[in-house]
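Single-structure report; data block below.
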Amino acid sequence: MKTKAFGQNNYVAKYKLYDAIGRIKQESEPYFDTATEELPSGVKWNTVFYDDSYFPTKVTATSFNSKQMETSVSGRTTTVKELNGNLRTTTKTTDVLGNVITSTDKGGTISFSYNATGQQISAQYGTNIVTTAYDDWGRKTEFTDPSNGIYKYEYDGFGRIVIETSPKGTKEYEYNNFGQLYKQKELSTDGTSTSKSITYAYNSQGLITSKVGTANGKAYSSSIDYDTYGRVISSSENSNGKYFTKKGVTYDDKMRVTSYEKSLYSSGIYTKVTIENVYDSWSGELYQVKDKTQNKVLWELQSAEADGRVLTAKLGGTSIANQYDSNNFLYTTQHKNANNNATVLQMMYSFNAIKNELNSRTRGGDFNISESFQYDDNNRLVNWTDPSTGTFTQNAVRNSYDDKGRILNNDQVGEIKFNNTNKIYQATGMVLNTAGQQNFNQNLLQKITYNENNDPIFIDGLKGDVRFEYGLSEMRQEVHYGGNSSLPLGEGWGGDFTKYYSEDGGYEIVRNNQTGQEKHILYIGGAPYESNIVYLKDYTESSGSYKFLHKDYLGSILAISDETGNAVEQRHYDAWGNFTHLKIGSQTMIVGVQQVTDYLANNNLLLDRGYTSHEHFSEVGLIHMNGRLYDPILRRFLNADENIQDPYNTQNYNKYGYVMNNPLMYNDPNGEFIWFLPAIWAATHVFWATVITGAVIGAAIGAGMYAIQAQISGNWSWGGFGKSILMGSVTGAVSAGLGQVFSASGFWGSVGNAALAGAGSDGVASIINGTNFLEGLTKGAVIGGAVAGITYTMNFYSKTGGKQAGAKFGNGKAEIDLSKGFGAHDVDPEVLNTKIQAKYVGQYRGVNVYESSVGFGSGSHSGGLTLPPNQMVVGKGAYSLRDIFGKSGTYDLFTHEYGHVLQAKKVGEAAFYDIIATSSLYSATTNTYDGHNQFWTETWANQLSYDYFSNRNLSFNLLANIAKPLSQKYIDIFTNYLSIRGFSIPTSWNTIP
């Protein structure tokens, strides 16, 4: 089977070959399609071999880079083996209902237990036990994790959370008559570190229009304006007397953002830019970003490989050229001044694709640094070059770990003790070696105080202090640093410098409190972690100019160039993020961690962001990674993560560990979830700025990159991510969605190359990935993606770039993949975007029906979701009530859910999943039962279902008061979508013939 998508000026194709009984046996990497050759030479293949002498069949997958993974099943135990590389083995054993009860890897065994309804109530790894309690309705009421403490939850009669109690405070929520979050309060138990009151407002379409409130007595506000299509056209924020504005957003006929103005106002100074996006007429992808006023090209994609790996690009006044090895890993990247060919950044890499490790890297240009790296047999970094001295001792052990991933010995600290049997990951003391004594004499942290959100509010350090203030979200909006405070918790202390942030992170203002001068920073294209372009007005300047950030594949800023392509700053970091080299313009290079730290104390950098684009607070020797503080000397976080990302991986239970102790292949953009770097590279469907990052570092920008991720990661797994047992906070289900509406990467981008992003497959990848391939294949959509330019409140929840949900069949049970989007009604948000176990129970009007005991209620109190064209999931026992008409109950659920099937028939499955599904999912995860009922996707489903069943003389009570025809606004959206793609347009929108 051959699938094609639009690439850069040509077609990109992918081939799949199947055996006689329909099993996939070969899958190609994306390649450029030609009119002369059906299958050009040089195409790279991933293969699958089935050993039918076993039952169940043993399956061996070999990726194009020669990595091999074997999957076999014996009874209820699935075993996945690495046949080369580190030769690791993982096993999972399930109970008769399919729940994983044990998971074993190189770190040991994790045991899970469940209640009678299949909800996970405990996860035990050694003496570390995480537990969850539920009420009779299956709602989480208590969560206990030794590293974080006890969290408790209370709900109202509609199942909406109203009180969340954490170890250090409480959050309270109130809802309006439409079920929308209306008010939110936060109060820490000490009564001083956090006191917030927030109010939300919405328009008649249910779109959020404002957020206002106070935090510790300070007023904050944000607002959003929309056009008649519900697209964002402007937003503004007022905090600490600073004004951050985005306005003048324009869209093309494909609803892609074409231009916008971004500005800030502070202390009588107005700083602004106007940005223009230019799209390729062939592929529709963004290929150029310009300053609209000056008609100046800021970034341009010039050429790319078939799978999206960028070959050449332009960033400001520099030209970028990338080369890749035979395994598709970045081999060299050259960033040169386009005018005089001077080197801005030159890097060479050597990766072990089978082991998923960086072997070495070499930096040319002014620095001439060569580094080597060694790992243990569990992918953890144990030895590396000190770039300050060039010292590398073969087979030395600079970090030693135990099975749990805890660092027991650190060559820059000494021996680390873990003597608290109740909190086994919390360090209790250290026996300092010579280097440790020197480091702690220079950068000793005496005390850190946190608020109820586990965010730091004051760092009392030997060389300096840092004081943080927070706005209505958990994002810091003010920080004071430089010097020491004599006041308790630094209350009222201003420091030598004060930095102000917008809530979305896209703006920064740095005030020199000694001179009163300000530096203004506007990140173009999103937050600092996404953006490679900044507009910067320095302290003494009357107007600003563009600066360009040259990053490595980790997102670390290695160089900054000006508009003419000259390197104005060059930096280097060791493997763990210590700042080792600095060169400002033509000045003498500064070498050595302490020497660089002393220089940074004067705040002399253009940007104080560096390692993985996070902020360095040099006086206290820490890097602020948003969710948590990271110490590059200790090589660990200082406060525990609230989440366990992969519950079946023993290394993920170390909540203080930094990226599973492999900092050269992963990063942590928010301090809460780590990312394998190709996963970041492929995320162009979220925001165009990532395409820019891809252009700079040679990242893949689409074309089914998940298959490649799995091949080079070996153990990438999001299975069980949504298990409530592993999530400490449920705030995200209540207010975090609203917070995302105000985020930088939400408003101002358009979707990247949706066709390429949707051209992947989970077939071979699932085997190489270590998932249970024998249950069947989830077929990803081969071409598609979110509709470019649909507002981010829709697109944010379309996380898989066009992959529709599917079911895995076997023995009357199914694994339902909810990773795309759907029509959802009264469903626990925690099951959304996950995979759930369900049982096939029959058909309803030709639609296969599955019952699940997790997240859907039961009987007449069941919720449901629909996966057109032929799947529906409801609560346990609901199917028997499907044809009871004339009463209020589950029968309304079936007729309503069938309305989503009718929607897909009306507009086609592509439009359903791109527009209706993403919108419905947004509503289902941010609104309550009543609010979701009033959402347009649900009222239109009711209308279609009402007409469909009434025309057949079937009586039922479908909440007729909310059934209403599709409005002209959405008719226009669908008409435009269908006409662009050449699909037929319905003659009648509100009836089904």
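Quick note on my numbering: the sequence shown kicks off at 73 and runs consecutively.
Idealized CB from N, CA, C, for every residue including glycine.
Note that the structure is predicted; figures quoted are calculated from it, not measured.
Distance check for residue j and residue i, CA to CA, integer angstroms please.
i: ILE392; j: SER375; result: 11 Å
i: VAL304; j: GLU357; result: 20 Å
i: HIS622; j: GLU214; result: 45 Å
i: ILE987; j: LYS326; result: 13 Å
i: ILE1057; j: TYR298; result: 26 Å
i: GLN915; j: ALA188; result: 26 Å
i: SER557; j: LEU402; result: 47 Å
i: ASP397; j: GLY388; result: 27 Å
i: TYR601; j: GLY251; result: 34 Å
i: THR151; j: ILE296; result: 51 Å
i: ALA831; j: GLU981; result: Reliability fails at ALA831, whose pLDDT of 26 lies under 50, so the model's placement of it is uncertain and the value that follows must be treated cautiously. Approximately 16 Å between the Cα atoms of the pair.
i: ASN118; j: LYS427; result: 17 Å
i: ASN676; j: ALA414; result: 24 Å
i: ALA378; j: GLY79; result: 7 Å
i: LYS344; j: GLN642; result: 27 Å
i: GLY693; j: VAL665; result: 10 Å
i: ARG433; j: LEU453; result: 15 Å
i: ASN424; j: ARG95; result: 30 Å
i: GLN1015; j: HIS972; result: 10 Å
i: ASN604; j: VAL369; result: 14 Å
i: ASN248; j: TYR227; result: 15 Å
i: LEU710; j: TYR274; result: 39 Å
i: GLU969; j: LEU937; result: 7 Å
i: ALA771; j: ASN399; result: Low confidence applies here, because ALA771 scores a pLDDT of 23, under 50, leaving its location unreliable and the question unanswered by this model.
i: GLY729; j: SER1017; result: 51 Å
i: GLY627; j: ARG708; result: 19 Å
Using a Cβ-Cβ cutoff of less than 6 Å, which residues in the same chain neighbour residue i once the five nearest sequence positions on both sides are dropped?
i: ILE662; result: LEU654, VAL668, TYR671
i: THR261; result: LYS240, GLY241
i: THR1059; result: none
i: ASP352; result: TYR359
i: LYS977; result: none
i: SER175; result: LYS164, ILE182, TYR720
i: LEU608; result: ILE593, GLY616, LYS619
i: ASP177; result: THR162, THR722
Tell me which same chain residues have a C-beta within less than 8 Å of the C-beta of residue i, skipping the five on either side of it?
i: THR390; result: HIS407, LYS408, ASN409, ALA410, VAL416, PHE620, HIS622, SER633, GLY637
i: ASN523; result: LYS240, GLY241, SER260, SER265, THR266, ILE529, TYR542
Name the two residues that bound the continuous beta strand (DSSP E) containing residue i.
i: GLN642; result: 639-645
i: ASN394; result: 390-396
i: ASN550; result: Looking at the sequence shown, residue 550 is not Asn but Glu. Counting along the chain, the beta strand (DSSP E) containing GLU550 begins and ends at 548-553.
i: HIS686; result: Careful: HIS686 lies outside any beta strand (DSSP E) and carries neither H nor E.
i: GLU635; result: Run containing GLU635: none; DSSP gives neither H nor E here.
i: THR1059; result: Note, THR1059: premise wrong, no beta strand (DSSP E); not H, not E.
i: THR204; result: 200-206
i: MET327; result: Note, MET327: premise wrong, no beta strand (DSSP E); not H, not E.
i: MET73; result: MET73 -> no beta strand (DSSP E), and no H or E assigned at all.
i: VAL919; result: 919-924
i: LEU417; result: 415-424
i: ASP217; result: 212-217
Among all the DSSP beta bridges, which residues are the ones paired with residue i?
i: ASN675; result: Paired residue(s): none; ASN675 is not in a bridge.
i: TRP456; result: PHE445
i: PRO528; result: TYR522
i: VAL485; result: Beta-bridge pairing links VAL485 to no other residue.
i: ARG583; result: THR570, GLU590
i: TRP371; result: VAL361, LEU387
i: ASP315; result: Going by the sequence as given, residue 315 is Tyr instead of Asp. DSSP, once it has assigned bridges, lists ASN310, TYR337 as partnering TYR315.
i: THR163; result: THR151, THR176
i: MET502; result: ILE488
Given residue i, which residues of its chain have a CB within under 7 Å of its CB, disregarding the five upstream and five downstream residues?
i: TYR186; result: ASN171, GLN192, ILE193
i: THR1137; result: The displayed coordinates of the chain run from 73 to 1065. Any statement about residue 1137 would go beyond what the structure contains.
Original post:
At a cut of 8 Å, does the region 650-658 reach the region 668-680 through at least three beta carbon pairs?
Top reply: yes
Closer than 8 Å is the cut-off here; do at least three beta carbon pairs connect the region 457-464 with the region 432-449?
Contact holds: three or more Cβ-Cβ distances are below 8 Å.
Does the region 139-148 come close enough to the region 90-110 to have 3 or more Cβ pairs within less than 8 Å?
As far as the Cβ criterion goes, the region 139-148 does not touch the region 90-110, which means the pair count is below three.
task: Please confirm if the region 282-292 is in contact with the region 541-549, defined as three or more CB-CB distances below 8 Å between the two stretches.
output: yes
Task: Stretch-stretch touch, CB-based, cutoff 8 Å, three pairs: the region 500-509 with the region 480-491 - done: Yes, since at least three Cβ pairs between the region 500-509 and the region 480-491 fall closer than 8 Å, the two stretches touch.
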